[in-house]
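So for the sequence shown, UniProt numbering puts the first residue at 1; every next one is plus one. Even glycine gets a Cβ: it sits at the ideal position worked out from N, Cα and C. Comments concern the structure below.
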Amino acid sequence: MNLAGQQVDRYRLIRRVGSGGMGDVYLSIDEHIEQSVAIKLIRTDASKGGDMALFLHEATAIARLDHPHILPLYDYGEVNIEGTALAYLVMPFRQEGTLSDWHKQLPSTEHVSLDIIVHFIQQAAAALQHAHDRQVIHQDVKPSNFLIRARRDIPDRPDLLLTDFGIARFHTTDADASQPARGTPSYMAPEQWRRQPVPATDQYALAIMAYQLITDRLPFLGRSEHLMRQHLTAQPEAPGKYNSHVPSALDAVILQALAKRPDERFPSVAAFAQAFQQATQPGSPRPALIPMSKQEAYSPAHMELVQSHPAQSVSPPSTSVHQDPQAADRLQPDTSAIQEQILPSRSGAGRGFLRGRSLLLIGLALLLIVVSSGILYALNSYKAYSLQLAASATVRAATAISTAATAHSIATASAANPNPYPPHTGRLVLNDPLKDASRGYGWDNYNGNDEYCQFQDGAYRVQEARIQSLYNCVARNTDLSNFVFEIDMTFLAGDAGGIILRDDEVHSQDYHLILEADGSYDFVLSPGPDIKTVLARDKLPAFLFHKGQQANRLAVVARQQKFDLYVNDQFITSVTDKSYSHGQIGVMADTTAHTTTLLFRNARVWQI
């Protein structure tokens, strides 16, 4: 229901600008002072007694907080519009959008610089620490829940404002294990999946957000059930694998914040932010990872990690990082409980000249040893660094040669393989026989107990064993808008399989063409986990469908909001939908009553 143009007390709703965890958000005008505000509307169904309680819960959570990086609450109340009971929250309107919007607008070929990420993490952590100190756990930390506020003095470094406390929990209350797990699957810590969130849950999600900003990807990908399994059991890759500018010290900090157990993470989200900032400094040593106690893990922390700094060693230069001068004021909770103490000397001043001379000689000897060791260490480090540079240069050269060869191969193949589907135009941008992963398109390679996608016997083999389930395998290094996607699919066993297009793994959104073992097909819009809308459904003529273990060629021509479907080079139908404009491609296995095993070969994509 679009309520634009309606009046909510003294506020006039102008247009809907988004949706939050509990309702729609509208740009509105406060007619008393002619000021733009954002109003979040929540339908309070009388038949659902919990709706009003959830609304009051969010209002109470925000009202507890007063921090420069948390979006404040101006007003709240209830209203009835055309017989519908609504509750509303009034907050500042930030026209700059969210951190997610900001990130998407950056050039796809560039990583966000580490100094800007430090700036964001410090502000986000300061807001979360403020909430934790007041017994509030956010539970939905992600880029789209941070609004941005532009700064004239630093245009490329906006400020963050934490918002959407719709599923926040007060730490003093007991978790209800009977309630479903709530949050955004890509950012949920293991304990959140178990309905046992603690303050360290927000630290885990903030580390996911940092990982995403650093690498332009999430550490875990897949549908909700696959994400849950990975968050509970799988170890993420170090961010440095995907961004060569990441120091090993920063890898260690992020991986500690992503520990499966809350008590193995940092003592507080503020401590995580401080360690994050320190790890990005030039020549930063690998930090000593100091986990929190179990008591600290399950209660709001009022402490900051304090580490001693070993002697600086010779190391290759790393990325220079700007330190926000305001960070010290924002991230300085009480550290008295764990401050390092320097004990006074026990030796008195009158021990005698001979003892002092002996100590001096010993000191000089030790100094000579240290200096000699330092020189040897520096020489060895330089030698190792030189070897590393040589190896890196060799790898870069090999990569460049491989990339050039691939580009030449595609150009040659494009000329030899024109687009066979109307409008018969376009450039071949993907040509993969799917014999192995050597083409570099980033096809998923996963082997689980019930499902897998792997290169086997010269083909891409996909299996789903769980009944009434879908399993997707995606080419991670693709992002396409208008294109033709063609692939050969062979049934080895089971119920159905197909292709995926314009896929957004983060939000579990895509289109997919499914072909069943009896020749039926569906073209489906999936707007979220376990949700689907069938846009087209029919059964192929017997002569057109290849039964048994004969390959069926599936193809979709995607142009703006129109999709033309083909099976075995024959046009089937057209569908119009404008929900999603771009995304990744992939393949899938679908089960209704039997384990499904499929082989995929000869993937081709023409960009049109």
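Buried versus exposed call for residue i [16 or more other C-beta atoms within 10 Å across all chains shown]
i	result
isoleucine 514	buried
alanine 542	exposed
arginine 604	buried
histidine 424	exposed
glutamine 7	exposed
isoleucine 500	buried
residue 610	With the chain covering 1 to 608 only, the question about residue 610 has no answer from this structure.
alanine 493	exposed
aspartate 436	exposed
aspartate 530	exposed
tyrosine 11	buried
glutamate 486	buried
glutamate 340	Its pLDDT being 28, under 50, glutamate 340 is placed unreliably in this model, and the coordinates cannot settle the point.
threonine 163	buried
arginine 461	buried
isoleucine 33	exposed
aspartate 140	buried
aspartate 156	exposed
glutamine 456	exposed
glutamine 549	exposed
proline 418	exposed
glutamine 192	buried
threonine 184	buried
threonine 201	buried
isoleucine 208	buried
First through last residue of the alpha helix (DSSP H) which encompasses residue i
i	result
serine 248	248–257
valine 118	114–133
glutamine 278	269–279
Supposed close pair residue i, residue j - CB separation, criterion 8 Å
i	j	result
aspartate 577	glutamine 561	6 Å
glutamine 463	threonine 592	Glutamine 463 to threonine 592, Cβ: 15 Å. No contact.
aspartate 495	alanine 465	Not really, about 12 Å apart at Cβ, beyond 8 Å.
leucine 13	isoleucine 39	7 Å
asparagine 243	histidine 111	5 Å
valine 474	alanine 555	Incorrect: roughly 18 Å between the Cβ atoms, too far for contact.
leucine 41	aspartate 66	The pair is not a contact, with the Cβ atoms about 24 Å apart (cut-off 8 Å).
alanine 589	tyrosine 471	5 Å
aspartate 432	arginine 439	5 Å
glutamine 584	aspartate 444	That belief does not hold up - the Cβ atoms of glutamine 584 and aspartate 444 are roughly 10 Å apart, past 8 Å.
histidine 546	glycine 528	Histidine 546 to glycine 528, Cβ: 33 Å. No contact.
Endpoints, beta strand (DSSP E) assigned at residue i
i	result
serine 574	570–576
valine 37	35–43
serine 108	Note, serine 108: premise wrong, no beta strand (DSSP E); not H, not E.
asparagine 602	596–607
serine 28	24–30
serine 579	Segment: none, serine 579 is in no beta strand (DSSP E) and carries neither H nor E.
threonine 84	84–92
leucine 525	520–528
aspartate 75	75–81
Own chain residues within Cβ distance below 6 Å of residue i, not counting five before or after
i	result
arginine 15	Ala4, Leu27
histidine 594	Gly494, Asp495
aspartate 488	Ala551, Arg553, Arg601, Asn602
glutamine 203	Ala257, Arg265, Val269, Phe272
alanine 327	The predicted position of alanine 327 is uncertain, since its pLDDT is 32 and thus under 50; a value taken from the coordinates is nonetheless stated next. Gln122, listed in sequence order.
valine 253	Ala275, Phe276, Ala279
glycine 442	Ala475, Arg476, Asn477
alanine 205	Val141, Tyr187
glycine 458	Lys435
Chain-order list of residues whose beta-carbon lies under 8 Å from that of residue i (same chain, five-residue window excluded)
i	result
aspartate 538	Ser520, Tyr521, Ile572, Thr573
threonine 98	Pro143, Ser144, Asn145, Phe146, Leu147, Ile148
glutamine 468	Thr591, Thr592
glutamate 225	Ser469
glycine 426	Asn419, Phe483, Val484, Trp606, Gln607, Ile608
Residues near residue i by beta carbon distance below 7 Å, same chain, minus five either side
i	result
isoleucine 117	Ala210, Leu213, Ile214
tyrosine 446	Tyr452, Cys453
aspartate 75	Val90
valine 79	Val8, Asp9, Leu86, Tyr88
serine 36	Leu27, Ile29, Phe93
aspartate 251	Ala238, Pro239, Gly240
proline 190	His231, Leu232, Lys260
Residue i Cβ short of 7 Å to the ligand ATP heavy atom set
i	result
histidine 103	With respect to the ligand ATP, the structure shown offers nothing to examine, as it has no ligands at all.
Of all the alpha helix (DSSP H) runs that stay within the bounds of the segment 138–226, which reach a length of 4 or more residues?
Every unbroken stretch of the alpha helix (DSSP H) spanning 4 or more residues and falling wholly within the segment 138–226 is given here in chain order: 190–193, 199–215.
Quick one: which unbroken beta strand (DSSP E) runs of 3-plus residues sit fully inside the segment 530–564? Chain order, please.
Those beta strand (DSSP E) runs which fall completely within the segment 530–564 and span 3+ residues are 531–539, 552–559.
Contained beta strand (DSSP E) runs [length at least 3] in the segment 429–511, N- to C-terminal order:
Counting only runs that start and end inside the segment 429–511, the beta strand (DSSP E) elements of at least 3 residues fall at 451–456, 459–464, 470–480, 483–493, 496–504.
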